[in-house]
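Protein sequence lines, in the order shown, are assigned to chains X and L. All residue numbers for the first sequence refer to our numbering, where the first residue is 5 and numbers rise by one. All residue numbers for the second sequence refer to our numbering, where the first residue is 5 and numbers rise by one. Quick reminder that beta carbons are idealized off the backbone N, C-alpha and C, glycines included.
Protein chains: 2
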Amino acid sequence: MASIGDMVAGETTNRIDTQLSEFIGYGMKRALSIVQADLSRVLSEFGLRAVSFSALSIIVGHPGLTQTQLADALQIERSNLVTLIDELAGRNLIIRAPVAQDRRRHALMPTPAGKKLAVAARAAVETHERDLFSCLTGQEQDDLKRLLKKFRQAASA
Amino acid sequence: MASIGDMVAGETTNRIDTQLSEFIGYGMKRALSIVQADLSRVLSEFGLRAVSFSALSIIVGHPGLTQTQLADALQIERSNLVTLIDELAGRNLIIRAPVAQDRRRHALMPTPAGKKLAVAARAAVETHERDLFSCLTGQEQDDLKRLLKKFRQAASA
DNA sequence: TATTGTTATACTCTATAACTATA
DNA sequence: TATAGTTATAGAGTATAACAATA
């Protein structure tokens, strides 16, 4: 049963973080968690997680790159990439091809199945974003994308 | 030594994720990790993490709320809140006050030290955001904040 | 000596189930 | 029966050090 005890300082509990929402970082974190929940649901139909979708997409777009390059691109540790690559290779979505000039390196190459899955998953992710961000106008979506890009470029330099 | 092997498909490795950057979610994730790294550095001077700063801020702003209410506000599990509250209480920043009307509940109250730390930490976080987002104009910062808020409100409904 | 991929490991974060005391 | 806080635990995710093969 609802009572005055369910209120805090006269506010409903679903607006209790107003002060924190003044911080862009907090807004980003809460927004991202909404996106991630929906994205995970979408990608699970392809047997992918966000990080494996990202890895596969980059390998398809840049065939022949090495694990170190991929780790740098995704900002994850090389060591943590190993099992991810194992997973994709185990499903025959990519292969670790030997590099003649440097036998330490593996050239990551997508298989036909990997390319096909990447294309299908990308379409699903595009639909997911279109639906999820339909609450924003096209202009607002572009603005948001642009501001995030601008911030990333400037702040990581 | 640099060589043609350091390039992938004729691009430098630091722009290898262009395709993924078309996704707002990807942009959010990468932007957030930059913010989090800087925020962690700033808050460590107060012995706080992002989540403990958030919890303390909410308790200061809404004294008397219960752990369940706080967990709902921060979107974390009640079970995972316990050690966080233990930590803040152990440092005498908050207390778990008994609630006369319902002895199952704890009213979370900030101590004077907790209020003082929250104010100081908030000022530091404001400075951190001002500096970090100085690469965006004031208008752009407001736009970003507004778009994140609008998305959160619409998408979580 | 340095780099690439790898293994092992530890630490944090998060999610779930079950318990207790209260209602 | 249901709820608030708690405990225990398992699964992700992430960070670090050290190793073998190769440069």
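Inter-residue CB distance, residue i and residue j (contact presumed, cutoff 8 Å)
{"i": "residue 1 of chain L", "j": "residue 117 of chain L", "result": "The structure shown does not extend to residue 1 of chain L, since chain L is modelled only from 5 through 161, so no value can be given for it."}
{"i": "residue 30 of chain X", "j": "residue 36 of chain X", "result": "The pair is not a contact, with the Cβ atoms about 11 Å apart (cut-off 8 Å)."}
{"i": "residue 162 of chain X", "j": "residue 140 of chain X", "result": "Nothing can be reported for residue 162 of chain X, as the shown portion of chain X is limited to 5 through 161."}
{"i": "residue 47 of chain L", "j": "residue 121 of chain L", "result": "The Cβ separation is near 11 Å, so there is no contact."}
{"i": "residue 145 of chain L", "j": "residue 155 of chain L", "result": "About 16 Å; that fails the 8 Å criterion."}
{"i": "residue 78 of chain L", "j": "residue 55 of chain L", "result": "7 Å"}
{"i": "residue 43 of chain L", "j": "residue 129 of chain L", "result": "7 Å"}
{"i": "residue 28 of chain L", "j": "residue 81 of chain X", "result": "Contact doesn't hold; Cβ gap of about 26 Å is too wide."}
{"i": "residue 38 of chain X", "j": "residue 160 of chain L", "result": "6 Å"}
{"i": "residue 62 of chain X", "j": "residue 21 of chain L", "result": "6 Å"}
Within-8 Å CB hit, residue i to chain X
{"i": "residue 90 of chain L", "result": "no"}
{"i": "residue 131 of chain L", "result": "no"}
{"i": "residue 24 of chain L", "result": "yes"}
{"i": "residue 61 of chain L", "result": "yes"}
{"i": "residue 50 of chain L", "result": "no"}
{"i": "residue 98 of chain L", "result": "no"}
{"i": "residue 110 of chain L", "result": "no"}
{"i": "residue 80 of chain L", "result": "no"}
{"i": "residue 71 of chain L", "result": "no"}
{"i": "residue 152 of chain L", "result": "yes"}
{"i": "residue 128 of chain L", "result": "no"}
{"i": "residue 85 of chain L", "result": "no"}
{"i": "residue 149 of chain L", "result": "yes"}
{"i": "residue 101 of chain L", "result": "no"}
{"i": "residue 118 of chain L", "result": "no"}
{"i": "residue 94 of chain L", "result": "no"}
{"i": "residue 43 of chain L", "result": "yes"}
Residues that residue i bridges to, as DSSP identifies them
{"i": "residue 100 of chain X", "result": "X:112"}
{"i": "residue 69 of chain L", "result": "L:112"}
8 Å Cβ cutoff, residue i in contact with chain L
{"i": "residue 56 of chain X", "result": "no"}
{"i": "residue 39 of chain X", "result": "yes"}
{"i": "residue 160 of chain X", "result": "yes"}
{"i": "residue 136 of chain X", "result": "yes"}
{"i": "residue 156 of chain X", "result": "yes"}
{"i": "residue 143 of chain X", "result": "no"}
{"i": "residue 32 of chain X", "result": "yes"}
{"i": "residue 125 of chain X", "result": "no"}
{"i": "residue 36 of chain X", "result": "yes"}
{"i": "residue 121 of chain X", "result": "no"}
{"i": "residue 77 of chain X", "result": "yes"}
{"i": "residue 9 of chain X", "result": "Per-residue confidence for residue 9 of chain X stands at a pLDDT of 42, beneath the threshold of 50, marking its modelled position as unreliable; no derived number is given."}
{"i": "residue 47 of chain X", "result": "no"}
Residue i burial status per 10 Å Cβ neighbour count (16 or more: buried)
{"i": "residue 86 of chain L", "result": "exposed"}
{"i": "residue 34 of chain X", "result": "buried"}
{"i": "residue 90 of chain L", "result": "exposed"}
{"i": "residue 49 of chain L", "result": "exposed"}
{"i": "residue 107 of chain L", "result": "exposed"}
{"i": "residue 135 of chain X", "result": "exposed"}
{"i": "residue 83 of chain L", "result": "exposed"}
{"i": "residue 19 of chain L", "result": "exposed"}
{"i": "residue 165 of chain X", "result": "Any answer about residue 165 of chain X is impossible in this case: the structure gives chain X only from 5 up to 161."}
Pairs of beta-carbons, one from the region 101 to 114 of chain L and one from the region 54 to 71 of chain L, closer than 8 Å: are there three or more? Note that the region 101 to 114 of chain L touches the region 54 to 71 of chain L; at least 3 beta-carbon pairs, one per stretch, sit closer than 8 Å.
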